[in-house]
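Protein chains in written order, with the working numbering: chain A, 24 to 503; chain B, 24 to 503. Where a beta carbon is used, it is the ideal one built from N, C-alpha and C, also for glycine. On a predicted model such as this, the values are computed, not experimentally measured, just so you know.
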Ligand SMILES: Cc1ncc(COP(=O)(O)O)c(C=O)c1O
Ligand SMILES: Cc1ncc(COP(=O)(O)O)c(C=O)c1O
């Protein structure tokens with residue numbers, strides 16, 4: 024046989040077949056031509072049904088069905104024999120039809136902001152290549168890209184140097200930081216665990232993301248040892264309250280080790296006063312972690328980066344480009360100011376089968392041992408390609424636009440009867456009440472709120488019903 | 024204005040522009056036609072350069088470059104202004120060229136096994152839709168799919184019922200299990216943490232995956248409290264040794280709570296004797312977790328499922344369809360026998376902004392609070408579409424084929440001079456030495472191994488050099 028022999032030739036030469044345990048080893052595994060054709064046809068559907076309709080306000084956000092109904096519509100059952108390509112393509116159509124179009128201009132749920140073509144292409148590339156970023160030999164390009172992106176993010180934070188790792192999200196990043204702060208506080212915990220130690224205590228605001236509680240319980244610290252600090256009327260942590268709680272913890276004989284400030288809270292979009300919090304951390308020798316999962320993107324904007332004033336004093340930062348910057352779920356980095364190898368020391372398990380120290384290249388590029396994962400997706404790459412495409416200026420415009428839209432919405436709310444603004448937003452979150460005409464004259468009190476709640480619940484279900492009807496709005500939806 | 028107004032019309036009507044903070048709010052965010060064209064052109068490159076070449080043995084596995092050289096070739100720097108589409112497409116080409124083709128028939132690194140067109144299409148769909156599976160209202164289809172897939176996996180484990188959650192990988196699944204076992208052992212740990220408790224101890228084999236150590240340190244248990252149980256000459260945990268260690272731990276006054284058996288170890292592919300281990304767990308009231316990240320796929324094969332005999336007695340199982348079954352990184356489920364809501368009780372944080380209890384549909388479909396993540400990828404979907412396409416029989420053939428190939432390789436090794444089989448494999452891992460002619464007559468001893476190691480290191484670097492040359496092999500490579 025010669026080089027480049029094609030599949031048809033192989034089939035004709037079946038007499039050379041190597042049969043082991045009933046399997047013909049040297050036959051083609053599947054018909055790759057048919058497989059490629061299937062991919063091509065599916066891509067056409069994706070192009071037409073998702074991508075081309077992504078920004079189209081006249082399309083539906085979602086063809087809503089209740090769980091039991093949707094189960095009947097979709098043929099979910101997996102069977103012994105496979106389905107035809109035709110049936111599979113129909114299934115793909117159905118999946119798309121009944122899924123929420125999260126990039127739709129009228130999709131207002133949870134920190135989404137539309138579609139980005141560049142990060143999407145990057146994601147298609149990595150799905151096709153299916154890499155895992157543990158070692159340079161398996162992921163040369165993606166490890167270099169991750170290093171570059173992390174350096175750039177560190178620059179925007181304002182550190183001279185640092186370290187970092189992309190991981191499955193803001194929640195996991197907060198866990199990384201908590202464990203790292205604990206390791207810095209007492210490196211022995213890695214080997215000995217927490218059992219004989221005093222009670223470790225960490226501080227975060229009442230308005231923090233719920234991942235703080237999840238992290239504290241997962242890491243064996245316990246949710247009761249998260250001391251929630253009071254916030255002011257705008258949702259910002261009150262530094263004096265933090266000081267008090269640190270002192271209380273010390274008096275109790277527990278071991279304070281970490282303050283988690285939030286830059287951009289999930290519901291109100293509030294930014295904790297980082298500079299004043301950093302003063303307290305310095306005074307008490309506490310690690311300062313900033314959860315900038317949502318607010319970190321403001322660092323890109325010269326107009327809005329002052330929201331995170333003082334962030335350069337943090338020891339670690341979680342920053343989620345998959346939220347406002349549209350890098351696609353999942354894309355999040357934990358960034359660390361320390362550049363002396365703390366991250367690696369804290370996380371390494373030194374697996375000999377993967378991280379040999381005597382390879383023929385510089386093994387400092389084998390960053391996988393900084394991670395809690397083994398297989399790891401190249402999430403930095405989609406942020407990188409998007410950044411290359413738009414430039415820093417383009418990303419900046421994206422942030423400025425989101426905040427300008429929020430500002431516009433606030434002005435509209437103020438002008439319109441029946442709308443009540445909850446508070447002047449700092450960021451892209453706009454919190455307001457809609458008071459229906461029947462309640463506008465009612466006195467504020469428990470009965471009023473009960474009624475309002477009932478009506479809003481009802482409208483939510485109505486709204487989902489409406490999703491199925493074509494939108495007839497007269498101008499482009501405000502995206503935030 | 025009317026419904027369906029197109030972008031060009033919008034531009035002409037710029038006099039209606041709404042300007043806030045220097046941003047025109049009602050203009051198009053970007054030229055979506057150009058964006059779509061970019062996606063189309065990039066898809067063509069992906070199709071030609073990755074997918075069509077995926078199975079082609081005459082193509083290169085990787086165009087290897089050392090880190091410093093590759094940095095010079097790729098234009099990694101992100102700048103203030105963006106790049107042209109033409110430049111970006113060239114970048115995409117370069118990224119592909121210098122990346123490892125993990126689906127190549129001659130790519131033998133780390134638990135990969137080729138390309139699957141169906142899971143790939145599923146991944147393209149979810150990247151385009153960019154969902155997050157926390158609540159039914161945001162991910163109706165993907166939550167139902169996850170439920171179906173988990174049910175099916177549970178069936179193959181042999182449980183009557185159960186629960187589960189897809190998460191970023193086998194390492195994270197092992198962490199989930201460890202935390203869950205701990206919660207079952209002492210639910211108070213969730214709130215109180217570990218500080219005032221006796222030392223928790225868990226048991227796993229010497230041949231276990233390194234994620235066990237990572238999990239123990241991350242969860243505050245401490246790596247020293249992982250008791251590594253001796254294995255036999257085939258790499259299997261020795262039950263008598265486990266029994267001894269559990270007794271030792273009890274004598275020390277520590278608190279044994281968990282045994283992590285491995286079904287398919289990373290290096291040797293060994294299966295721990297689950298039935299005997301389950302007996303010991305029952306006797307001592309210990310949680311049995313089976314790390315079947317790698318070996319779980321054998322459950323699909325009627326011929327090979329006996330490797331996991333006794334797995335139905337486990338309390339939890341980690342199973343990674345992104346390894347042998349080719350579902351694409353990341354795709355892994357933690358499966359739990361308990362069906363009384365243990366998973367939810369252990370992990371929930373009850374965030375009010377996301378998991379309201381008075382929605383207008385059955386909120387038991389809002390499974391996000393079982394997770395340590397907030398945003399979560401719909402990883403079950405790619406496994407589902409692949410399963411729909413191939414049927415159980417097709418998946419079974421994939422497993423049977425992998426094991427038949429391993430068997431074939433073993434026979435070839437035995438026949439050829441200079442090759443030394445380390446042990447008869449149970450699974451797809453084949454461990455052997457190649458002894459170069461110069462060493463074949465040398466006596467076994469430290470000097471021999473030192474020399475052999477040096478030569479193999481050198482050959483590894485040579486092999487990477489060779490990757491860049493066209494392969495001239497005479498038959499299809501053996502994939503495993
Ligand atoms: C402030 C904040 N931190 C953390 C997170 C969690 O990020 P992820 O969803 O990537 O886990 C969120 C998500 O909404 C958030 O708003
Ligand atoms: C036995 C075993 N467990 C766990 C893992 C980790 O899986 P993941 O890479 O998905 O974290 C591996 C990976 O190689 C493994 O072989």
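Counted within 10 angstroms of its Cβ, other Cβ atoms place residue i as buried (16 or more) or exposed
i: residue 4(A); result: Any property of residue 4(A) remains undetermined from this structure, which presents chain A solely from 24 to 503.
i: residue 229(A); result: exposed
i: residue 472(A); result: exposed
i: residue 376(B); result: exposed
i: residue 40(B); result: exposed
i: residue 437(A); result: exposed
Below-8 Å beta-carbon distance, residue i vs any chain A residue
i: residue 417(B); result: yes
i: residue 503(B); result: Residue confidence for residue 503(B) is low, a pLDDT of 28 falling below 50, so the modelled location carries little weight; the figure read from the coordinates is stated next. Residue 503(B) does not count as touching chain A.
i: residue 75(B); result: yes
i: residue 183(B); result: no
i: residue 104(B); result: yes
i: residue 427(B); result: yes
i: residue 61(B); result: yes
i: residue 192(B); result: yes
i: residue 314(B); result: no
i: residue 480(B); result: yes
i: residue 132(B); result: yes
Cβ of residue i within 8 Å of any chain B Cβ
i: residue 257(A); result: no
i: residue 491(A); result: Residue confidence for residue 491(A) is low, a pLDDT of 37 falling below 50, so the modelled location carries little weight; the figure read from the coordinates is stated next. No, residue 491(A) does not count as interfacial toward chain B.
i: residue 303(A); result: no
i: residue 247(A); result: yes
i: residue 288(A); result: no
i: residue 168(A); result: yes
i: residue 366(A); result: no
i: residue 55(A); result: yes
i: residue 114(A); result: yes
Interface partners of residue i on chain A, CB under 7 Å
i: residue 146(B); result: 150
i: residue 353(B); result: 398 and 400
i: residue 89(B); result: 384
i: residue 276(B); result: Neighbours of residue 276(B) on chain A: none; closest Cβ ~11 Å, over 7 Å.
Proximal residues of chain A, C-beta to C-beta of residue i below 8 Å
i: residue 347(B); result: What residue 347(B) touches in chain A: nothing, since even the nearest Cβ is about 13 Å away.
i: residue 280(B); result: What residue 280(B) touches in chain A: nothing, since even the nearest Cβ is about 12 Å away.
i: residue 212(B); result: 240, 243 and 245
i: residue 125(B); result: 152, 153, 154, 155 and 161
i: residue 175(B); result: 101
Residue(s) in a DSSP beta bridge with residue i
i: residue 327(A); result: DSSP, once it has assigned bridges, lists no residue as partnering residue 327(A).
i: residue 204(A); result: Paired residue(s): none; residue 204(A) is not in a bridge.
i: residue 250(B); result: 226(B)
i: residue 109(A); result: In DSSP, residue 109(A) forms no bridge with anything.
i: residue 335(A); result: Per DSSP, none; premise fails for residue 335(A).
i: residue 189(A); result: 356(A)
Of the residues the options, the one placed nearest residue i, counting alpha carbons only
i: residue 422(B); options: 44(A), 40(A) and 39(A); result: 44(A)
i: residue 429(B); options: 347(B), 358(B) and 352(B); result: 347(B)
i: residue 164(A); options: 200(B), 436(B), 90(B) and 448(B); result: 90(B)
i: residue 365(B); options: 350(B), 314(B) and 394(B); result: 394(B)
i: residue 151(A); options: 210(A), 62(A) and 223(A); result: 62(A)
i: residue 291(A); options: 268(A), 350(A) and 231(A); result: 231(A)
i: residue 372(A); options: 197(B), 323(B), 234(B) and 403(B); result: 234(B)
Beta-carbon neighbours of residue i, restricted to chain B and to distances below 7 Å
i: residue 121(A); result: 163 and 164
i: residue 244(A); result: 216 and 243
i: residue 66(A); result: 66 and 147
Within chain A, the residues that residue i reaches when beta carbons sit closer than 9 Å
i: residue 111(B); result: 141, 144, 408, 411 and 412
i: residue 473(B); result: In chain order: nothing, as chain A lies at least about 12 Å away.
Chain-ordered neighbours of residue i on chain B, where CB pairs are closer than 8 Å
i: residue 236(A); result: 372
Any non-hydrogen atom of ligand 3 within 7 Å of residue i CB
i: residue 402(A); result: Absence of ligand 3 is noted for the structure shown, with ligand 1 and ligand 2 being the only ligands found.
For this session: Using a Cβ-Cβ cut-off of less than 9 Å, list which residues of the region 437–459 of chain B approach chain E; keep chain order.
Result: Of the protein chains in the structure, A and B, none is chain E.
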